[in-house]
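Note sheet for the following structure.
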Amino acid sequence: MFIKRKSSFMLVLVFLIFGSMIFRPSITLANKQAMFTIRKAEAGEEVNEEEGYFDLLMSPEEKREIKLELFNPAKEDLHLTSEFFTAYTNRNGEIEYNANAESYDESLKVKLTDVIKTSSKEVKIPKESKVVVAAEITLPKDIPSGEILGSWQFKVRSKKKQEGIGSIYTITQGIKITVDEKCEEVNVNLLDVWLNPTYPEGVIAKVQNDQPMIVEDVEYEGYITKKDSQEPLYQISQKKKRLAPNSYYDLLLKLDEQLTEGVYTYNLKVTTPSNEEERKEWTFTKDFVVYKKKEKTKKEVDERKSPNKTKKSQILYPIVLGIGIFSFLLFIVGRIKKRKESERKCGATKGKGKRRYKRERR
């Protein structure tokens, strides 16, 4: 069991009891006692029964029920929520089990979330007790051979003050389904290269693993040149990376300075795995274009430097304008009212003078 702190207000316990070849998280001990624990209870036929995660061996059209035991050592009931995830390769070049990707590679035909379900996402564990939860896996007839990777996650929100406000404990159980047999032939592609317009600024090479298998110990060696030039402008080197089955990795080469307008060439060598007997190597060359950047106006520069100030100004201007218009209207109304009062007093004075004149003539 591993415990991982996400923020000062959120604590995540990650229990991906994958072997070191499946899951290698960076972990920090943040609490000596977990709120609850889980253990594999029933799995059916597996590739390796000794693994702590579900290492299932299945066939097309097969239905399988898997079970987990959840233990609550506390002296109060726990209410959990559960969710399934399909693994993918994240921006760090590692396999991500604790979230679903924004988009999946086109080569991934069947996701774990497509074939697994549970009767209820809510789970209650009575105090100092255990419960057994089950999930059902149903594989389609036309599912390709190979590996499907993902996880079954459980969350509970802590109410203890010493654990921080809104602390959330998460335990994730790994699930790997091998359909028929494991795929043995690794294949890597370079799909595209482009200049990343957002922070961090750099050039992204989209590397694809189009096979239903985990690829371990991936090494990347790349450099950028001007088209038809041999002089490297920027270089990148990464080792001990991994690729999830049927996934892509956005390999980011960070830039110190903005590339000028023109055509560039990205040269990339991908090697896997590290041992010489099974070592495979791919070499890619792909051109990409950097277009002339639009010159920013002074207003756009000021807005980028002080976005908060700009937003405040956008809110303040209508308020000031409204107050000004309102004040002007009050001034006009006051003047009109004052003029009418003056005319009324003047009329009254003239009337008194006429009556006095008539009395004198008499």
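Residue 141 in full-length UniProt numbering sits at position 141 of the sequence shown, with consecutive numbering throughout. In this text, a Cβ means the ideal position worked out from N, Cα and C, and glycines have one as well.
Close-in-space but distant-in-sequence residues of the same chain around residue i (CB under 6 Å, 5 per side omitted)
i    : result
V193 : A205, Y266, K286, F288
S107 : D210, N246
K269 : E221, T283
E219 : K239, T271
Cα-Cα separation between residue i and residue j, rounded to whole angstroms
i    : j    : result
L330 : I319 : 17 Å
S129 : E281 : 52 Å
S342 : F326 : 24 Å
D105 : K227 : 29 Å
S167 : S145 : 41 Å
L70  : V131 : 5 Å
W152 : I175 : 7 Å
K340 : V333 : 11 Å
V186 : L251 : 19 Å
R344 : F328 : 24 Å
E257 : T198 : 14 Å
R279 : E65  : 38 Å
E184 : F84  : 27 Å
Within 8 Å, strictly: CB atoms of residue i and residue j
i           : j    : result
F36         : I95  : no
K127        : D77  : yes
A41         : K67  : yes
V207        : Y249 : yes
E195        : V290 : In the sequence as displayed, the identity of residue 195 is Leu instead of Glu. For L195 and V290, yes; Cβs fall inside 8 Å.
G52         : R242 : no
K63         : E136 : yes
T172        : N72  : no
L253        : I236 : yes
residue 373 : P273 : This structure cannot speak to residue 373, because the chain is shown only from 1 to 362.
Interface flag, residue i vs chain C, CB-CB below 8 Å
i   : result
K67 : The structure shown contains no chain C; it is built from a single protein chain.
Collapsed DSSP secondary structure at residue i in the structure displayed
i    : result
F36  : coil
E221 : strand
K239 : strand
L321 : helix
G334 : helix
S327 : helix
R91  : coil
K340 : helix
L259 : coil
L316 : helix
L252 : strand
I214 : coil
D287 : strand
N48  : coil
L190 : strand
Y264 : strand
A244 : coil
R279 : coil
Cβ-based neighbour list, residue i, same chain, cut-off 8 Å, excluding 5 preceding and 5 following
i    : result
L255 : E201, G202, V203, Y234
A244 : A87, Y88, T89, I95, E96, L149, N209, I214
S59  : L139, V179, D180
I38  : F15, L68, E69, L70, F71, F154, I171, Q173
Contact set for residue i: own chain, Cβ-Cβ below 7 Å, skip 5 residues either direction
i    : result
K292 : E261
T81  : K121, E122, K155
K111 : T86, Y104
L57  : E45, E46, V47, T178
K117 : A135, E136
V115 : I137, T138, L139
*Entirely within the region 97-183 and at least 3 residues each: give me those beta strand (DSSP E) ranges in chain order.*
Taken in chain order, the complete beta strand (DSSP E) segments of 3 or more residues contained in the region 97-183 are 122-125, 129-138, 146-157, 168-179.
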